[in-house]
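So the structure is just underneath, and the comments pick up after that.
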Amino acid sequence: MDGIEARELAYFVAVAEELNFTRAAERLCIAQPPLSRAVKQLERRLGVTLLERSSRRVALTPAGQVLLDEGRRALEGLSAAVRRTRRAGRQEPRLTLVMKAVGDGGMLPDILAAYEKEPDAVPVEVLFCGFGEHAALLRGGFADVGLLHGRPDLTGLDHEELLVEEQIVVLRLGHRLAGRAAVTLADLKDEVMPRWAGLPGDRGDGPEVRDAGQLLQLIALGHAVAVLPESARAYLGGDVVAVPVLDVPPTTMMVAWPEWSRSPALAAFVRTATETAGRT
1 MDGIEARELA YFVAVAEELN FTRAAERLCI AQPPLSRAVK QLERRLGVTL LERSSRRVAL
61 TPAGQVLLDE GRRALEGLSA AVRRTRRAGR QEPRLTLVMK AVGDGGMLPD ILAAYEKEPD
121 AVPVEVLFCG FGEHAALLRG GFADVGLLHG RPDLTGLDHE ELLVEEQIVV LRLGHRLAGR
181 AAVTLADLKD EVMPRWAGLP GDRGDGPEVR DAGQLLQLIA LGHAVAVLPE SARAYLGGDV
241 VAVPVLDVPP TTMMVAWPEW SRSPALAAFV RTATETAGRT
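Residue numbers for the sequence shown follow UniProt numbering, beginning at 1 and rising by one.
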């Protein structure tokens, strides 16, 4: 890290986040004097002032803000590298696939069946996550590959599109729109929409939801409606109904994985997924 040790960087990030040396020292489980010395040494090494200190407050300088932003990413990247390395060194290799429940477009059984026939295939474990958590789990080294929908943040990831789906609105049985052949967004303007946990910029005004089970329960109770991919029909119970939405853009399902991955098992999975999607 150009002369910066990971320990020093972690010390600085803790101070920069807390803006208090005492709280940062408690968080790091070290004494305050060595923490202060480490930050001063880092400033001397870099030749810049990172923190403005007074008897009343600690504040970040512009240089300190840059190091905080970059340092967080560097530490997260280092932690992810450690996780990936440990998983790659397991005696029984396997591939961890992250997806939300009912988020496979109905394709996962066919993908897994075809993948098992690949020479480089390894066992696949499926890690279910909440809405909006896929990309972070991939970047953080907790998973090797993911099935994602919509327009997620793909920073640090490669991806291939698998499936483009029209969208439906899921409503409680007996809802005023439940008997329609189709609806428009104008028909839904007064409806309560869920807020997807982990998705910045989401415009929903209803309850925050993290997974499909919670979402369907809220819809069945009449507390919200939700616009979902067409393939979600296969997972709906008898207490909700699905109606096509005519003027909402289609949604895309993709397979995504960390950049620079050289795993033959991962490459075989991505190839299998794209080939399976091409036959759908």
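C-beta: ideal position from N, C-alpha, C; glycine also.
In this text the structure is predicted, and so the values were computed from the model without any measurement.
Output needed for residue i: all residues of its chain with C-beta closer than 7 angstroms, excluding positions within five of it in sequence on either side, in chain order.
{"i": "residue 272", "result": "111, 114, 115 and 118"}
Taking its Cβ as the centre, do 16 or more other Cβ atoms sit within 10 Å of residue i, making it buried, or is it exposed?
{"i": "residue 16", "result": "buried"}
{"i": "residue 223", "result": "exposed"}
{"i": "residue 245", "result": "buried"}
{"i": "residue 133", "result": "buried"}
{"i": "residue 89", "result": "exposed"}
{"i": "residue 167", "result": "buried"}
{"i": "residue 212", "result": "buried"}
{"i": "residue 51", "result": "buried"}
{"i": "residue 35", "result": "buried"}
{"i": "residue 249", "result": "exposed"}
{"i": "residue 144", "result": "buried"}
{"i": "residue 264", "result": "exposed"}
Sort the options by Cα distance to residue i and report the nearest one.
{"i": "residue 179", "options": "242, 105, 253 and 109", "result": "242"}
{"i": "residue 20", "options": "54, 86, 6 and 183", "result": "54"}
{"i": "residue 66", "options": "13, 81 and 76", "result": "13"}
{"i": "residue 261", "options": "108, 85 and 215", "result": "85"}
{"i": "residue 131", "options": "78, 279, 214 and 276", "result": "214"}
{"i": "residue 123", "options": "95, 263 and 189", "result": "95"}
{"i": "residue 255", "options": "247, 275, 236 and 237", "result": "275"}
{"i": "residue 233", "options": "103, 46 and 58", "result": "103"}
{"i": "residue 46", "options": "210, 75, 8 and 186", "result": "8"}
Using 8 angstroms as the threshold, is the C-beta distance between residue i and residue j below it?
{"i": "residue 135", "j": "residue 148", "result": "yes"}
{"i": "residue 225", "j": "residue 173", "result": "no"}
{"i": "residue 107", "j": "residue 162", "result": "yes"}
{"i": "residue 80", "j": "residue 146", "result": "no"}
{"i": "residue 177", "j": "residue 183", "result": "yes"}
{"i": "residue 160", "j": "residue 229", "result": "no"}
{"i": "residue 216", "j": "residue 207", "result": "no"}
For residue i, I'd like the list of residues in its chain whose CB is within less than 6 angstroms of its CB, leaving aside the five on either flank, ordered along the chain.
{"i": "residue 139", "result": "156"}
For residue i, which residues does DSSP report across the bridge?
{"i": "residue 172", "result": "240"}
{"i": "residue 195", "result": "208"}
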